[in-house]
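Q: Quick one: structure below, then a few questions.
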Amino acid sequence: MISLENKDIISILDFTKEEILYILDISKRMEEGEGSSEILKGKVLANLFFEPSTRTRLSFETAMKRLGGDVVGFDELGTTSTVKGESLRDSVKIIEGYCDIIVLRHFLEGASRLTADSVSIPVINGGDGASQHPTQTFVDLYTIKKEKGGLENLSIGFLGDLKYGRTAHSLAYALSNFGAEMYFISPPSLRIPKDYLEELESRNVSYHEVESLSEVSSKLDILYCTRIQKERFSDPVDYEKVRGIYKLSKAVMDELNVKEDLKILHPLPRVDEMDESLDDTSYAVYFQQAHSGIPVRKTLLAMVLGAIK
Amino acid sequence: MISLENKDIISILDFTKEEILYILDISKRMEEGEGSSEILKGKVLANLFFEPSTRTRLSFETAMKRLGGDVVGFDELGTTSTVKGESLRDSVKIIEGYCDIIVLRHFLEGASRLTADSVSIPVINGGDGASQHPTQTFVDLYTIKKEKGGLENLSIGFLGDLKYGRTAHSLAYALSNFGAEMYFISPPSLRIPKDYLEELESRNVSYHEVESLSEVSSKLDILYCTRIQKERFSDPVDYEKVRGIYKLSKAVMDELNVKEDLKILHPLPRVDEMDESLDDTSYAVYFQQAHSGIPVRKTLLAMVLGAIK
Amino acid sequence: MISLENKDIISILDFTKEEILYILDISKRMEEGEGSSEILKGKVLANLFFEPSTRTRLSFETAMKRLGGDVVGFDELGTTSTVKGESLRDSVKIIEGYCDIIVLRHFLEGASRLTADSVSIPVINGGDGASQHPTQTFVDLYTIKKEKGGLENLSIGFLGDLKYGRTAHSLAYALSNFGAEMYFISPPSLRIPKDYLEELESRNVSYHEVESLSEVSSKLDILYCTRIQKERFSDPVDYEKVRGIYKLSKAVMDELNVKEDLKILHPLPRVDEMDESLDDTSYAVYFQQAHSGIPVRKTLLAMVLGAIK
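Residue numbers (this note's numbering), protein chains in the order written: chain W, 1 to 309; chain H, 310 to 618; chain C, 619 to 927.
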């Protein structure tokens, strides 16, 4: 019996393969309209965004409201008591008295774990620092499963910023449960950190590091693109060196050797790395991926709040 | 049979005389309390304000909630993915997956049309750049009709900033359907642009351009004041030259030769152009005008969402 | 018969002893779950925060939603029409047409009274300038009554910034109805202003001014701590002189001579004045105090909106 009631969702690493598949299954039923009645009526979500993130904030807010619940919160640091010198721990210990569940977005690694340790209501990590963003990973997994019919034995390429790209790290960890063959495609300066590779090795994942997409493109079932995040670079010169190094477009895809049913995912927002011409190709599924944020987050909210047993 | 179901509301120019009158009629019934039950229950509005506008944002939000619907969104550019370099097109293509209808406020002309072309859900223009603000025009028309009993054959003066004042432009266009006599009263530097006048001429509108209000005041049924918008001037010296050039007050009205039933409208906010002493005169209807934002926007939301056929 | 229907809540001084006790009694029943159904369904609160205050804003918002009502508003000056030069009076006269009740937070003293005088719907003061914050005082009184079983004849110490600390001023006034013995403990530069003391004298309150907590600690039933608010000092040097002058911790409490059932309150946020080690002592009730914001604000909203007679 799998239950998430009153549990925190901090890291994708906390979930077993069985739990992941169960959550994706409920998400599918949620998308198909089952249980979309007012199962969260009377519940209040505190959406605490110490760092702006329109997409994540709005999708949690919409998910909660579509299930009959309500939402309070803030969308940036500037309007919080943090600017008066209040600690994160104090802020969340006060807010736990107002609401039934917290979604936290914070600029510091570990902020979600600290919050979960400080309060007695469940906490969902909406992204903390360059670290974890587990609900995005559930969205990514949901999209892959939907497009490919399953998660087992896929060849997946991770493209772009693999050094700071937390969504790529989390997805790689999650797919290590499913026998994936992984290709890490990045410039030398943005390679995936060693400790992630060591963790994948300990899980017997077969992986390859390359610089050129064309070298491995024909092998891929999934290409997971990431934005090279300007805000994670301390030196703008380093950013300028790598921005736009991989720029996908319809023309580029026409020249690449790829499987006909290759699907391209991206957590969005994109900047230079994918041209709008790509959007109308059969490869592009990133907008559908973004839209899947609703059924997946509905599911997580409903399960944690005990409305789905 | 007039229906707005699934239509976009981008410009007042897209509406026929019959459609305008129909919408005003439903708005009247909405104000009188008909249909104010939960006809939008289960619907979610995305209120996307890339530029602050308390009045427009709060009135849409209130209208939606008063009809049982719910609202998500943001109120300024700073908390959006635009600051990460995301295009408007991408932002709205993602958000369309969350909600049932979009209200957009943007600082660029044409942003609403671009949004409507990018998404498959209906879009309402909440003001884009110095261009269109159609729901304000419906509010203005509603107020005039309520105060005057009808819209036909009125003499209307437009006062103040007629160069940048988009609400004046839109209202002039709309009233061209109803045989209005128009007086454009402004300093030379803020005259109404030529292409608007040419459009009015092609619609056989009789108009006059003057600098002095007293010259034409006795003829007016309606005086539509506008704020001289500091934020539209690139040179502050140009702004200082014209601010406060027309300053209405009770004392000024006492000296002017005007019809007893003259009504003064203003889209608000006001700064220097109308003194608080004017508020208690029989001419002032601008606060009632602002309050009419609720029934009018309720009507537009309900019609576009198909809750009123 | 006590009724708050359609009344404004501007200052704790407007309430009689009987009204205060009645409100606290209803708050207790509210906390115990009575009347927590949808008694405010169809009502809209405008939460107008011209100055950020997460705690007050979120607790009003949560209280309203938990009673079935809805909320619109803003959380900072920057997104309002004030930046376009609009007066507070105009802003609230417009917004009164949208909603059923206003909660106002403003940086200027007297802003709530001005608002109440300008609109015909009820107004609750959510804190204006360094002046009044009456709902915080109700929360403080509620907590004291809950912890002590009653409000009569208590010895209470006020610690820290008694010059700018409006919550301390309001609580002292309120407790003057109940025969309290008061100890004002502060550095010379942050003593309670003379006119407050004169008012207390006229109410026959017995009080003492001291600099050292240890001098009077053994007498206290309640210790009310305040944050030394950096933002109220015009000179940062003055702030640095007094910050951290009273720093409570478990170790400090172990050395102080205090009653076993002493309770420490704080309106929060705290910065330097109370160490986290204090949180697990039996004295600390400030988080419970913060959580009481919900039943107390539910009560005030419901009474003013006539849902509780």
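Glycine included, C-beta positions come from ideal geometry on N, C-alpha and C. Computed from a predicted model, the values in this text were never measured in an experiment.
Indicate whether Thr761 of chain C and Thr785 of chain C have their beta-carbon atoms separated by less than 8 Å.
A: Translated into positions along the third sequence, residue 761 of chain C becomes position 143. Translated into positions along the third sequence, residue 785 of chain C becomes position 167. Against a cut-off of 8 Å, the Cβ pair of Thr785 of chain C and Thr761 of chain C comes out as no contact.
Q: In terms of alpha-carbon separation, which member of H:Ile617, H:Gly351 and H:Leu609 lies closest to Pro443 of chain H?
A: Looking up residue 443 of chain H in the second sequence gives position 134. Among H:Ile617, H:Gly351 and H:Leu609, the Cα nearest to that of Pro443 of chain H belongs to H:Leu609.
Q: How would you list, in chain order, the residues of chain W whose beta-carbon sits under 7 Å from the beta-carbon of Thr608 of chain H?
A: By 1-based counting over the second sequence, the position of residue 608 of chain H is 299. Ordered by position in chain W, no residue passes the 7 Å Cβ test against Thr608 of chain H, which lies about 23 Å from the chain.
Q: What residues are listed by DSSP as bridge partners for Gly466 of chain H?
A: In the second sequence, residue 466 of chain H corresponds to position 157, counting from 1. The partner list for Gly466 of chain H (beta bridge, DSSP) reads H:Tyr492 and H:Leu532.
Q: Report the three-state DSSP secondary structure of Ile433 of chain H (helix, strand or coil).
A: If you number the second sequence from 1, residue 433 of chain H lands on position 124. Ile433 of chain H: strand per DSSP, three-state reduction.
Q: Tell me the start and end of each unbroken alpha helix (DSSP H) in the stretch 347-392 of chain H that is at least 4 residues and wholly inside, in chain order.
A: Listed in chain order, the complete alpha helix (DSSP H) runs (minimum 4 residues) inside the stretch 347-392 of chain H are 363-375.
Q: Does Val381 of chain H get closer than 8 Å to chain W when you measure Cβ to Cβ?
A: The residue you call residue 381 of chain H lines up with position 72 of the second sequence. Val381 of chain H counts as touching chain W.
Q: When the cut-off is 8 Å and only beta carbons count, does Ser368 of chain H lie next to chain C?
A: Taking the first residue of the second sequence as position 1, residue 368 of chain H is located at position 59. For Ser368 of chain H, the answer is yes, since a Cβ of chain C falls inside 8 Å of its Cβ.
Q: Between which two residues does the alpha helix (DSSP H) carrying Tyr207 of chain W extend?
A: For the purposes of this step, residue 207 of chain W is identified with residue 207 of the first sequence, where counting begins at 1. Segment Ser206 to Val210 is the beta strand (DSSP E) holding Tyr207 of chain W; no alpha helix (DSSP H) there.
Q: Exposed or buried, Arg684 of chain C, counting other C-beta atoms within 10 Å across all chains shown (16 or more means buried)?
A: Along the third sequence, one-based indexing puts residue 684 of chain C at 66. The residue in question, Arg684 of chain C, is buried, as its Cβ has 16 or more Cβ neighbours within 10 Å.
Q: Would you please verify whether the beta carbon of Val662 of chain C is less than 8 Å from any beta carbon of chain H?
A: Translated into positions along the third sequence, residue 662 of chain C becomes position 44. So, interface residue.
Q: So Leu223 of chain W packs on Leu268 of chain W, CB below 8 Å; how close in whole Å?
A: Reading the first sequence from its first residue, position 223 is the one you call residue 223 of chain W. Reading the first sequence from its first residue, position 268 is the one you call residue 268 of chain W. That belief does not hold up - the Cβ atoms of Leu223 of chain W and Leu268 of chain W are roughly 15 Å apart, past 8 Å.
Q: Rounded to a whole number of angstroms, what is the C-alpha to C-alpha distance between Leu838 of chain C and Asp872 of chain C?
A: Against the third sequence, residue 838 of chain C aligns to sequence position 220. Against the third sequence, residue 872 of chain C aligns to sequence position 254. So the alpha carbons of these two residues sit roughly 15 Å apart.
Q: Answer yes or no: do Val119 of chain W and Lys93 of chain W have a C-beta to C-beta separation smaller than 8 Å?
A: As a working note, residue 119 of chain W is residue 119 in the first sequence. As a working note, residue 93 of chain W is residue 93 in the first sequence. Yes, these two residues count as a Cβ contact at 8 Å.
Q: Spatial neighbours of Gln598 of chain H within its chain, please: C-beta separation below 6 Å, excluding the five flanking residues on both sides.
A: To locate residue 598 of chain H, count along the second sequence from 1; it is residue 289. Taken in chain order, the residues that qualify are Thr452 and Leu574.
Q: Got a sec? Which residues, its chain only, sit under 6 Å from Phe348 of chain W by beta carbon, not counting five neighbours each side?
A: In the structure as shown, chain W starts at 1 and stops at 309, and residue 348 of chain W therefore has no counterpart that could be examined.
Q: What whole-angstrom Cβ distance do Gly466 of chain H and Val525 of chain H have, given they're in contact under 8 Å?
A: On the second sequence, position 157 is the one that residue 466 of chain H refers to. On the second sequence, position 216 is the one that residue 525 of chain H refers to. Contact holds; Cβ gap of about 6 Å.
Q: What number of angstroms, rounded off, separates the C-alpha of Tyr183 of chain W from the C-alpha of Lys259 of chain W?
A: Counting from one through the first sequence, the residue named residue 183 of chain W turns up at place 183. Counting from one through the first sequence, the residue named residue 259 of chain W turns up at place 259. One C-alpha to the other measures close to 15 Å.
Q: Please name the residue or residues paired with Ala593 of chain H in a DSSP beta bridge.
A: In the second sequence, residue 593 of chain H corresponds to position 284, counting from 1. Paired residues: H:Ile573.
Q: Flag Thr62 of chain W as yes if its beta-carbon sits less than 8 Å from any beta-carbon of chain H, otherwise no.
A: Numbered from 1 along the first sequence, position 62 holds the residue referred to as residue 62 of chain W. Answer yes: the Cβ-Cβ gap between Thr62 of chain W and chain H drops below 8 Å somewhere.
Q: Where do the ends of the alpha helix (DSSP H) carrying Val922 of chain C lie?
A: Here residue 922 of chain C is taken as the residue at index 304 of the third sequence, counted from 1. Gly911 to Val922 is the extent of the alpha helix (DSSP H) around Val922 of chain C.
Q: Is Thr80 of chain W close to chain C? Criterion is C-beta to C-beta, closer than 8 Å.
A: Stepping through the first sequence from its first residue, residue 80 of chain W is reached at position 80. It does: the Cβ of Thr80 of chain W has a partner Cβ on chain C nearer than 8 Å.
Q: Under the three-state reduction of DSSP, which class applies to Val103 of chain W: helix, strand or coil?
A: Your numbering for residue 103 of chain W matches position 103 in the first sequence. It is a strand residue.
Q: Got a sec: is the Cβ-Cβ distance from Gly85 of chain W to anything in chain C below 8 Å?
A: The count along the first sequence starts at 1 and reaches residue 85 of chain W at position 85. Taking Cβ atoms only, chain C reaches closer than 8 Å to Gly85 of chain W, which makes this a yes.
Q: Can you list the residues of chain W that Asp426 of chain H reaches, using a CB-CB cut of under 7 Å?
A: For the purposes of this step, residue 426 of chain H is taken as the residue at position 117 of the second sequence. The contacting residues do not exist; Asp426 of chain H stays about 13 Å from chain W at best.
Q: With three or more C-beta pairs closer than 8 Å as the rule, is the stretch 276-286 of chain W touching the stretch 183-193 of chain W?
A: Taking 8 Å as the limit for Cβ pairs, the verdict is that the stretch 276-286 of chain W does not touch the stretch 183-193 of chain W.
Q: Applying the criterion that 16 or more other CB atoms from any shown protein chain within 10 Å of the CB defines a buried residue, is Lys454 of chain H buried or exposed?
A: Here the question's residue 454 of chain H lines up with position 145 in the second sequence. Lys454 of chain H comes out buried.
Q: Is the distance from the Cβ of Ile404 of chain H to the Cβ of Ile411 of chain H below 8 Å?
A: Translated into positions along the second sequence, residue 404 of chain H becomes position 95. Translated into positions along the second sequence, residue 411 of chain H becomes position 102. It is a contact, given that the beta carbons lie within the stated cut-off.
Q: DSSP state of Leu248 of chain W, grouped into three classes?
A: Sequence index remark: in the first sequence, residue 248 of chain W carries index 248 (1-based). Strand.
Q: Candidates W:Phe233, W:Gly110, W:Leu262 and W:Leu305: which alpha carbon is nearest Ser131 of chain W's?
A: Taking the first sequence and counting its residues from 1, one reaches residue 131 of chain W at position 131. Checking every option, the nearest Cα to that of Ser131 of chain W belongs to W:Gly110.
Q: With a threshold of 7 Å (Cβ to nearest heavy atom), would Tyr407 of chain H be considered close to the ligand GDP?
A: With respect to the ligand GDP, the structure offers nothing, as it holds no ligand at all.
Q: So Lys93 of chain W contacts chain C; which residues on that side make the cut at Cβ distance below 9 Å?
A: For this step, residue 93 of chain W is matched to residue 93 along the first sequence. Within chain C, the residues near Lys93 of chain W are Asp897, Phe905 and Ala908.
Q: What does the alpha-carbon distance come out to for the pair Ser310 of chain W and Phe60 of chain W?
A: For residue 310 of chain W there is no data in the structure shown, the boundaries of chain W being 1 and 309.
Q: Quick check: is the beta carbon of Asp708 of chain C nearer than 8 Å to any beta carbon in chain H?
A: Looking up residue 708 of chain C in the third sequence gives position 90. For Asp708 of chain C, the answer is yes, since a Cβ of chain H falls inside 8 Å of its Cβ.
Q: If you compare alpha carbons, which of H:Ile603, H:Arg579, H:Val613 and H:Met612 is closest to Glu704 of chain C?
A: Here residue 704 of chain C corresponds to residue number 86 of the third sequence, with the count starting at 1. Per the Cα distances, H:Arg579.
Q: Relative to the C-alpha of Asp275 of chain W, which candidate in W:Ile9, W:Val252 and W:Met30 has its C-alpha closest?
A: One-based indexing of the first sequence puts residue 275 of chain W at position 275. For the residues W:Ile9, W:Val252 and W:Met30, the minimum Cα distance to Asp275 of chain W belongs to W:Val252.
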